[in-house]
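**Student:** Quick one: structure below, then a few questions.
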Amino acid sequence: MSVAGAWRTRRQRYALVGEICPDCHRHIFPPRDVCPHCSQPAGPLHTLSGRGEVYSFTRMHHAPKGFEQQRPYAVALVKLDEGPMVTAQLTDVDLQEIHIGMRVEMVTRKLKEEGEEGQILYGYKFRPLMATGD
Amino acid sequence: MLNQPAFPVGIVGYGAYIPRYRLPGSEISRVWSGGAERSPVKEKAVPGLDEDTATMSIEAARNALARAAIDPTHIRAVWVGSESHPYAVKPTGTIVAEAIGAIPATQAADWQFACKAGTEALQAGMGFVGSGMAAYVLAIGMDTAQGRPGDALEYTAGAGGAAFLLGPAEEAVAVVERSLSYVSDTTDFWRRPATHYPSHAERFSGDPGYFGHVVPAARRMMELVDTAPQDYDHVVVHQPNVKFPVRAMSQLGFTPAQWRAGLLVPEIGNTYAGSALVGLTAILDEAEPGQTILMVSYGSGAGSDAFHIRVTERIREVQGRAPRTWDYIRRRVAIDYALYVRYRGKLAAR
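Listed in order, the protein sequences are those of chains A and B.
Just so we're aligned: 14 in numbering that gives the first Met the number 0 is position 15 of the first sequence, and the numbers increase by one with no gaps anywhere.
Just so we're aligned: 343 in numbering that gives the first Met the number 0 is position 344 of the second sequence, and the numbers increase by one with no gaps anywhere.
Below is the structure:
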């Protein structure tokens, strides 16, 4: 990803910043000009909770360029609690433990490093929902 | 009063982060001594392939924010202390500030003072809040420490740390009633630019390094606030191994009951700039209102920061709002030396 491309998308990648449509009130991710549900102009920025569940997934043993060092890993369609579906890597998970419907939460991780001298690209991934203290 | 903030300052939110992988000391001993050496810790925390000081700081910061429940745009500085910043030039602080929504009206910078970088940020943050320049400051100590393969420090060089959101004492879960620093030019551990692994001066790093700063800093603090070791409910000091902190705290007159909650090094190793700070999060997770805590950090090069802290009634409201430090310690996945070599990028050819 170019430095400019990474810069433009940094908020959505780091923190799942999307939008809420002012007309149909549905959540939109990633942010865009027009609401994909009602075709009205999209609304103000809104940070999604980051919670959701695995809708579908695949295990990657042959990774595309730039991701070879991470193999094997899993990519999932995650249905967020607010509605939008996102594609993302799963992390901090045993590949055999992943199942459809698994509760997950967003974490900001390193997506890839562009060589030894290039930029480091950070973004959202999902991990199994961590048990909290109470 | 000189050397203290004009307005009282406290911790309004705190959060820990420890990655899930663990390398048992027995694995290092197996590879480098045929099992003959005894590891100074049970195991150490190891970051995953997609983790670094920035990502770990982001999660700790989110936990601190969840506890404080404040608007992140009111944060006036995001300061990250570490000796493993992902970039040599470009601040970790801006990455963290962007991820938590603290931008754009915030300072964001990185601190470097070996293992003392995190408490250095904490003290500076006290000055910022305590002078009225800031409503809130986020001070982080976080590291993915590098241990040279086969070196004694490989057993302990761990990963983890903590984030502290400082703010007005009246909103605090713990008030920092006094802080001080104690430094000297002591070259006990260092890393030159463009080298990957640190060098150290073997036994010299104990005394005059570690003991020569931790012990007098703690003594000065107790003189200043007129306390004795038995007045503290908890004590936590920098933890490069188990032996050093236990010897220092015993020498000062503390007992195991006082250091139990904060001594995490047997489980996660030395988290460098995060070491004393992540110990403090484990203490706060179980602290009760009115309890007193003494924290003393240590960074090579060399110096200590000491903090006299009093827990407030608010602590009970926030403890359960984010994962506790032991939630992270318990989600452990043991790895062997080969996976460790891969995860830490130590393979020569790949």
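We treat Cβ as the ideally placed atom computed from N, Cα and C, and that holds for glycine.
#1: Tell me where the beta strand (DSSP E) around B:MET141 begins and ends.
#2: Near B:GLU58, what residues of its chain come up, given a Cβ to Cβ distance below 8 Å and the 5 sequence neighbours on each side ignored?
#3: Fully enclosed by the segment 106-172 of chain B, which alpha helix (DSSP H) runs are 4 residues long or longer?
#4: Nearest by alpha-carbon distance to B:ALA256: which of B:GLN238, B:ILE292, B:ASN62, B:GLU266 is it?
#5: When DSSP labels each residue in this structure, what does B:PRO265 get in the three-state scheme?
#6: What residue range does the alpha helix (DSSP H) around B:LYS242 cover?
#7: Can you have a look at B:LEU346 and say buried or exposed, based on whether 16 or more other CB atoms are within 10 angstroms of its CB?
#8: Taking three-plus beta-carbon pairs below 8 Å as touching, is the segment 73-82 of chain B in contact with the segment 96-115 of chain B?
#9: Can you list, in chain order, the residues of the segment 88-117 of chain B whose Cβ is nearer than 8 Å to any Cβ on chain A?
#10: Need the endpoints of the beta strand (DSSP E) that A:VAL74 sits in, please.
#11: Name the chain B residues that come within less than 9 Å of A:MET129, Cβ to Cβ?
#12: Quick one: Cα of A:MET105 to Cα of B:ARG19, how far?
#13: Measure the alpha-carbon distance for A:GLY65 versus B:GLU176 and round it to whole angstroms.
#14: Grab the span of the alpha helix (DSSP H) containing B:SER274 for me, first residue to last.
#15: Under the criterion of a Cβ to heavy atom distance below 7 Å, does B:ALA256 qualify as lining the ligand PLP?
#16: Does A:ILE27 have its Cβ less than 8 Å from a Cβ in chain B?
#17: Whole angstroms are fine: how far does the CA of B:ALA113 sit from the CA of A:GLY51?
#18: Report the partner residues of B:SER178 according to the DSSP bridge assignment.
#19: So what's B:TYR342 in DSSP terms, helix, strand or just coil?
#20: Per DSSP, which residues does A:GLN88 bridge with? Please list them.
#21: Hey, B:VAL317 and B:GLU287: beta-carbon distance below 8 Å or not?
#22: Could you check whether the Cβ of B:ARG315 sits closer than 8 Å to any Cβ belonging to chain A?
#23: Roughly how many angstroms separate the alpha carbons of B:PRO192 and A:GLU18, rounded to a whole number?
#24: Determine whether the beta carbon atoms of B:GLY160 and B:VAL277 lie at a separation below 8 Å.
#25: Just list the alpha helix (DSSP H) runs in the segment 70-110 of chain B, keeping only unbroken ones of 4 residues or longer that don't cross its boundaries, in chain order.
#26: Just to confirm, is the Cβ distance from A:LEU15 to A:THR46 under 8 Å?
#27: Against B:ILE57, what residues of chain A qualify as contacts under a CB-to-CB distance less than 7 Å, listed in chain order?
#28: Assuming B:LEU293 is part of the beta strand (DSSP E), what are its boundary residues?
#29: Which partner residues of A:THR46 appear in the DSSP bridge assignment?
#30: Answer yes if the segment 43-58 of chain B comes into contact with the segment 135-154 of chain B, meaning at least three C-beta pairs across the two stretches below 8 Å, and no otherwise.
#31: If you measure from the beta carbon of B:ARG19 to each beta carbon in chain A, is any gap under 8 Å?
#32: Start and end of the alpha helix (DSSP H) containing B:GLU42?
#33: Measuring alpha carbon to alpha carbon, tell me which residue in B:LYS41, B:GLY268, B:TRP110, B:TYR181 is nearest B:PRO207.
**Tutor:** The structure says:
#1: 135-143
#2: GLY14, TYR16
#3: 116-129
#4: B:ILE292
#5: helix
#6: 242-251
#7: exposed
#8: yes
#9: ILE94, GLU97, ALA98, ILE99, GLY100
#10: 72-79
#11: PRO322, ASP326, TYR327, ARG330
#12: 16 Å
#13: 50 Å
#14: 274-285
#15: The ligand PLP is absent from the structure shown, which contains no ligand whatsoever.
#16: no
#17: 39 Å
#18: B:PHE306
#19: helix
#20: A:VAL74
#21: no
#22: no
#23: 44 Å
#24: yes
#25: 91-99
#26: yes
#27: THR107
#28: 291-295
#29: A:VAL16
#30: yes
#31: yes
#32: Taken as a continuous stretch (DSSP letters only), B:GLU42 belongs to no alpha helix (DSSP H), being part of the beta strand (DSSP E) at 42-45.
#33: B:TYR181
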